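Protein chains in written order, with this note's numbering: chain A, 1 to 77; chain B, 1001 to 1327.
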């Protein structure tokens, strides 16, 4: 079970990012728990300045754009 | 080169749709067709072209550059970076906190954040093509001046005291970020193309409706407001027209892309340049939705101060330009 957090202030791209991860996880049958983190303090503590950003098991993997599918698949392995 | 859009509009509005060039509606329709086609063409070409060049410049690098720099230099650079970085209000909070937690003074961060919505490459290029280089230069100069002076003022009153407690703590315990850990920025052509393509789609998605609204308003002004109305009623002799224009801009919300076609119309109709600039800048920069966002990191008091600083500087700038620049 992977803990995935999508960091972002609720903008359209953050919502899309979360959806894309959900979809990809369903496709490859990975079990994940996706949450959206909008608290600016938490986002700051990850050192993120460009959103959406993705944190997998407490490790910052990506920031500044909607990640592409290949990248997401790698995180889910 | 851009006259091709005038010809396109001539053909569509007058030959195909059959409007009479001298009629009010004909003038409006012509303006709308010419400006929307021209603006979208410019947007696509320019956003893509500039994004190719800018692909390796990201906020992390800007932060590292600004952290630990000389104060005055910092305001100017903050403002310049604000001008060249594309801005989405949804990233203002993370950027603010990222800068603050790297120990960059609030004033320098605000120089960045205040200039950012006012000036960007899209706005500048639209200005150049719609209102000419003189007014474009004045616009850019004023936008940066407002950002720089606003930033200096905020540091003079020690604005960091008025941040939300967690942001203040982050500022006080800041350390200069370690740039070695940042990913390398030499990008391949393919990566640059990918970045530019995404940038183009994202910005277009965000601004297309503003272009239509802005041009439609501009077109209505262009066709239906009598030539001398502005000069007679809001001419430069009337000092109160500038603060009035600034106040009128507050409830109106648009980004720079949408306001520039309106600006074009207002200037052509003889509204004094200072009044026009004051109105447009107030529309772009002093908008409630974006200010409310900043509440997450600031107290109401600081928000109110920044708001008043903006309104005051737009008013002063409007008066100055009206006094100096007579069309």
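The beta-carbon is built from N, C-alpha and C at its ideal position, and this holds for glycine as well. The structure displayed is predicted, hence computed values, not measured ones.
For residue 1081(B), the closest of 1129(B), 1065(B) and 1071(B) by C-alpha to C-alpha distance is 1065(B).
Using a C-beta cut-off of 8 Å, the segment 1145 to 1156 of chain B makes contact with the segment 1110 to 1118 of chain B, since at least three inter-stretch Cβ pairs fall below that distance. The shortest CA-to-CA distance from residue 1023(B) to any of 1277(B), 1282(B), 1256(B) and 1224(B) is the one to 1224(B). Collapsing the DSSP output to three states places residue 1104(B) in coil. Each of 1119(B), 1218(B), 1016(B) and 1130(B) was checked against the Cα of residue 1145(B), and the nearest Cα belongs to 1119(B). The alpha-carbon of residue 37(A) is positioned some 6 Å away from that of residue 8(A).
Residues of the segment 30 to 56 of chain A whose Cβ lies closer than 8 Å to any Cβ of chain B, in chain order: 40, 41, 43, 44, 47, 48, 49, 50 and 51. A residue is called buried when at least 16 other Cβ atoms come within 10 angstroms of its Cβ; residue 68(A) does not meet this threshold and is exposed. The beta carbon of residue 1265(B) sits closer than 7 Å to the beta carbons of 1218, 1221 and 1222 from its chain, once the five residues preceding and following it are set aside; these are given in chain order. Taking 8 Å as the CB threshold, residue 1192(B) stays off the interface with chain A.
Scanning its chain for C-beta atoms nearer than 8 Å, with the 5 sequence neighbours on each side dropped, one finds around residue 1163(B) the residues 1100, 1106, 1171, 1297, 1298, 1299 and 1302, in chain order. Taking 8 Å as the cut-off, the Cβ atoms of residue 1234(B) and residue 1135(B) do not count as close. Interface criterion not met: the Cβ of residue 1055(B) is under 8 Å from no Cβ in chain A. Using a 10 angstroms sphere on the CB of residue 1016(B), the tally of other CB atoms stays under 16, which defines it as exposed. Within chain A, the C-beta atoms nearer than 7 Å to that of residue 1170(B) come from 44, in chain order. Legend: CB atoms of the segment 1050 to 1076 of chain B lying less than 8 Å from CB atoms of chain A belong to residues 1058, 1059, 1060 and 1063. When secondary structure is reduced to three states using DSSP, residue 1120(B) falls in the coil class, being assigned neither helix nor strand.
Residue 1073(B) counts as exposed, since fewer than 16 other beta carbons sit within 10 angstroms of its beta carbon.
Taking the Cα of residue 1043(B) as reference, the smallest distance to any Cα among 1231(B), 1122(B) and 1192(B) is reached at 1122(B).
Under the DSSP assignment, residue 1295(B) falls outside any beta strand (DSSP E); it carries neither an H nor an E label.
For residue 1164(B), no beta strand (DSSP E) encloses it, and the DSSP letter there is neither H nor E. Flagged as an interface residue toward chain A: residue 1198(B), by a C-beta distance shorter than 8 Å. Of all residues in the segment 1093 to 1122 of chain B, only 1093, 1094, 1095, 1097, 1098 and 1101 place a beta-carbon less than 7 Å from a beta-carbon of chain A. For residue 2(A), the CB contacts under 8 Å within the same chain, skipping 5 residues up- and downstream, are 30, 31, 32, 33, 56, 57, 75 and 76 in chain order.
Interface flag for residue 1297(B) against chain A is set, since a Cβ pair is found closer than 8 Å. DSSP places residue 1250(B) outside any alpha helix (DSSP H), giving it a letter other than H or E.
CA-CA distance, residue 26(A) to residue 1027(B), rounds to 55 Å. DSSP places residue 1315(B) in the uninterrupted alpha helix (DSSP H) bounded by 1300 to 1324.
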